[in-house]
Structure formats: structure tokens, C-alpha cells
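Participant: Take 1 as the starting number for the sequence shown in full-length UniProt numbering and just add one per residue. Structure below; questions to follow.
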Amino acid sequence: MKFLDHLEEWLIASLMAAATLLIFVAVIHRYLSGLPIPGLQDHLLQMNLSWTQEACIYMFVWMAKFGAAYGVRTGIHVGVDVLINRLRTPARNKFIVFGLLAGALFTGIVGTLGASFVWEIGHTEQTSADLELPMWIVYLAVPAGSYLMCFRFLQVMLTFLRTGELPKHDHAHVEGLDEELEQGAKA
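Listed below in C-alpha cells is the structure:
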């Protein structure tokens, strides 16, 4: 599970960093190519960075799908649980399990429909406009992210059934900081 957790985090962080870098380079390119500097302007105008917008859109789609699964795992999704928290424990637990199962069912259905769509589009020659990527690669984010999210819903549900605990995001907690403090105290 640690491998999957780290892969998920690494993928999200890498896509975010790459998209940010691409947008930064494209904006700098656009503004520098407007400056009347002989040689530099000619060189910049010959560079075609129109593909960066499409690449960033696709990266953000993949990032959002995997980020949603990360949100389920860590408990950072926004939820309206005012009524559920007012219920007595047995009824509250049943509603929580029902909600987690409903989330797993929904994301499983979306993943299956997405996989069917990817399978169908994979048998065509359709490519993206600027990058000329096969569109099945672009749309693969839907089943991959949805199935991972379905898995995370089931994982949270099993943990809840075993321990009675749901993942809760603590905004004051900085990951890795506690481990560094403990190692410093031991030294």
C-alpha cells in the first residue's frame, strides 16, 4: 500500500510541477517574443509553443482524477456531515458505510464506462489537435482515476469497519516534520 500511496503522490506532484513549468515557459515566451530585440525576437517567434496549453489541460485532468482518489484516502474531500454527526453511533456508522459504498459504486460505474469508452476510442485513429497523442491515452485518466478512487472508498470503508476511524485531514500537521523531530531528539 505504501508503494501505491507514494506513486499516487508522486504522480500528482510531478504533473503539477510539469504543468506549472510549462505554463511559466509559455508565458515568458509570449512576453519576450513581443519585445523588439533583433535576433531574440526572431528566434522566439520561430518556436512553436502552442501545444503547451493542450498539454497542461491534459495534465490537469490526470491530476484531478488522481487527486480525487488522494482526497478520499486522506479525508480532504469536502463533505456535508452535520446531520450524520448528530446521529447515535450505530445509525451514524450505517450511514457512513452506506456513503462509502455509494461512492465506491459510483466511481466503479464511472470507471467501467470510462474503460469501455477508452476501448472504443482506442480502435480509432483519433489524435489530439496539437500534441497528436492518441486520444485513448488522454481519456485513460477517467477509468484509471475512477478505479483508484473506487479502491480508496473501499479501503476507507474497511478501515472504518475495523477501527471506527475515518481519515481526517489536520491542517496543522506537516507530513515528515514529526519524523524529523523524533530523529533529532534521538541524536
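Even glycine gets a Cβ: it sits at the ideal position worked out from N, Cα and C.
Does DSSP put P134 in a helix, in a strand, or in coil?
Facilitator: As a position in the sequence shown, residue 134 is number 134, starting the count at 1. Three-state result, P134: strand.
Participant: Where DSSP assigns a beta bridge to T127, which residues make up the other side?
Facilitator: Counted from its first residue, the sequence shown places residue 127 at position 127. BP columns for T127 point to P134.
Participant: Which stretch, first to last residue, makes up the alpha helix (DSSP H) that contains A18?
Facilitator: Locating residue 18 in the sequence shown gives position 18, counting from the first residue. Where A18 is concerned, the enclosing alpha helix (DSSP H) stretches over K2 to L32.
Participant: In terms of alpha-carbon separation, which member of V142, L101 and P36 lies closest to V110?
Facilitator: Looking up residue 110 in the sequence shown gives position 110. Checked all of V142, L101 and P36; the closest Cα to V110 is V142.
Participant: Ends of the alpha helix (DSSP H) at K65?
Facilitator: Translated into the one-based positions of the sequence shown, residue 65 becomes position 65. Looking at the DSSP string, the run of the alpha helix (DSSP H) that includes K65 is W51 to T74.
Participant: Taking the C-alpha atoms as reference points, what is the distance between Y139 and Y147?
Facilitator: Walking along the sequence shown from the start, residue 139 turns up at place 139. Walking along the sequence shown from the start, residue 147 turns up at place 147. Using only the alpha carbons, I get a separation of about 13 Å.
Participant: Look up I96 in the DSSP assignment and say whether it is helix, strand or coil.
Facilitator: Along the sequence shown, read from residue 1 onward, the residue named residue 96 stands at position 96. I96: helix per DSSP, three-state reduction.
Participant: Which of helix, strand or coil does DSSP assign to A172?
Facilitator: If you number the sequence shown from 1, residue 172 lands on position 172. In this structure, A172 counts as coil in the three-state DSSP scheme.
Participant: What three-state label does DSSP hand G145 in the structure shown?
Facilitator: Mapped onto the sequence shown, residue 145 falls at position 145. G145: helix per DSSP, three-state reduction.
Participant: So what does DSSP say about I109, is it helix, strand or coil?
Facilitator: Taking the first residue of the sequence shown as position 1, residue 109 is located at position 109. I109 falls in the helix class under three-state DSSP.
Participant: Drop a sphere of 10 angstroms on the beta-carbon of R162, count the other beta-carbons inside from all chains shown, and report buried for 16 or more, exposed for fewer.
Facilitator: Locating residue 162 in the sequence shown gives position 162, where the first residue counts as 1. Exposed.
Participant: Is the distance from the Cβ of I12 to the Cβ of M63 below 8 Å?
Facilitator: On the sequence shown, position 12 is the one that residue 12 refers to. On the sequence shown, position 63 is the one that residue 63 refers to. For I12 and M63, yes; Cβs fall inside 8 Å.
Participant: If contacts are defined as beta-carbon pairs under 8 Å, then P72 and R152 qualify, I think. What distance do you get, rounded to the angstrom?
Facilitator: For the purposes of this step, residue 72 is taken as the residue at position 72 of the sequence shown. For the purposes of this step, residue 152 is taken as the residue at position 152 of the sequence shown. Looking at the sequence itself, residue 72 is Val, so the reference to Pro does not match. At roughly 4 Å, the Cβ-Cβ gap stays under 8 Å, so V72 and R152 are in contact.
Participant: Mind checking which residues open and close the alpha helix (DSSP H) that includes L40?
Facilitator: By 1-based counting over the sequence shown, the position of residue 40 is 40. L40 to Q46 is the extent of the alpha helix (DSSP H) around L40.
Participant: Do you know offhand how far F3's Cα is from V27's?
Facilitator: For the purposes of this step, residue 3 is identified with residue 3 of the sequence shown, where counting begins at 1. For the purposes of this step, residue 27 is identified with residue 27 of the sequence shown, where counting begins at 1. Spanning the two alpha carbons is a distance of roughly 36 Å.
Participant: Tell me the residue span of the alpha helix (DSSP H) that contains R86.
Facilitator: Taking the sequence shown and counting its residues from 1, the one referred to as residue 86 is at position 86. Run containing R86: V82 to R86, per the alpha helix (DSSP H) assignment.
Participant: For T124, count neighbouring C-beta atoms within 10 Å of its own C-beta (all shown protein chains included) and say buried if the count is 16 or more, exposed if not.
Facilitator: The count along the sequence shown starts at 1 and reaches residue 124 at position 124. With fewer than 16 Cβ atoms within 10 Å of its Cβ, T124 is classed as exposed.
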